[in-house]
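Numbering-wise (our numbering), the sequence shown opens with residue 48 and increments by one.
Virtual Cβ for every residue (Gly too), placed ideally from N, Cα, C.
This report concerns only the one structure given below.
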Amino acid sequence: MSNPEQIKQMLSPIMVAQHYLGQGKTVSGRLWYKSPFRKERTASFLVDDKGFHDFGDSWHGDVIDFVGRYFHTDFINTMKILSRDFGLPADEPITKEVEQYLKRRREEEQQMRINLDKWFNETFGKICDELRFIEKAIPYLKQETLKIAYDRHASLSILWELFFYADSEEEKLELWKNRENIEKCLG
């Protein structure tokens, strides 16, 4: 079985949370979820680089504690679950290659989040700039040009709402998947 300390060093709490719980809502590099351990209206389950924090019942733990609690299982089965789900060798020490792979994977996921946020913020800025430009120009336009401006304003207003109300990484990712259509609308 893999060494628990090695697993805790290689598997970040954020990586484990996203694997089992999805993207969550990112605020200042931390993920917030509605607790997977009870029903609640407001997210009170925080995941950051330090671990898991359930403010609803004052529980705190690391990746091994979380997976054990999430699957209602003991330590041995928790280690087997983590080994299976993250491709870790179950009956031998973790190799340097696996450590490097997991480190690369964490870095790639972090870079993807950074790139997604950058694209999202830049695109939202372009939408806002374009809407301001059209709103300033409308009083000076006539006939067919005015109709085109109103149609463009309507399309951009819809995009603005989609971006403004996208409050989770999953919603931002869905917008990113449609970036070609969004960029056509802006171009």
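Asked: What's the C-alpha gap between Met126 and Trp223?; Found: 35 angstroms
Asked: Taking CB distances under 8 angstroms as the criterion, tell me whether His119 reaches chain B.; Found: The structure shown contains no chain B; it holds only a single protein chain.
Asked: Put Met48 into one of helix, strand or coil per three-state DSSP.; Found: With a pLDDT of only 47 at Met48, under the threshold of 50, the placement of this residue in the model should not be trusted; the figure read from the coordinates follows. Coil, per DSSP.
Asked: Who does Leu78 pair with in a DSSP beta bridge?; Found: Thr73, Val94
Asked: Assign Ile161 to buried or exposed, taking buried as 16 or more other Cβ atoms, counted over all protein chains shown, within 10 Å of its Cβ.; Found: exposed
Asked: How big is the Cα-Cα spacing for Met48 and Gln147?; Found: With a pLDDT of only 47 at Met48, under 50, the local geometry of the prediction cannot be trusted, and the value read off the model is given with reservation. Spanning the two alpha carbons is a distance of roughly 19 angstroms.
Asked: Of the residues Lys81, Met159, Ala64, Gln70, which one's Cα is nearest the Cα of Gly115?; Found: Ala64
Asked: Can you name the residues that DSSP bridges to Ile100?; Found: One detail in the question is off: residue 100 reads as His in this sequence, not Ile. His100 pairs with Leu93, His107.
Asked: If I follow the unbroken alpha helix (DSSP H) through Ser204, where does it start and stop?; Found: 190-211
Asked: Where does Pro83 fall in DSSP's three states?; Found: coil
Asked: Would you tell me roughly how many angstroms separate the C-alpha atoms of Pro51 and Thr73, rounded to the nearest one?; Found: 27 angstroms
Asked: Taking its Cβ as the centre, do 16 or more other Cβ atoms sit within 10 Å of Gly69, making it buried, or is it exposed?; Found: exposed
Asked: For Ser130, which three-state DSSP category applies?; Found: helix
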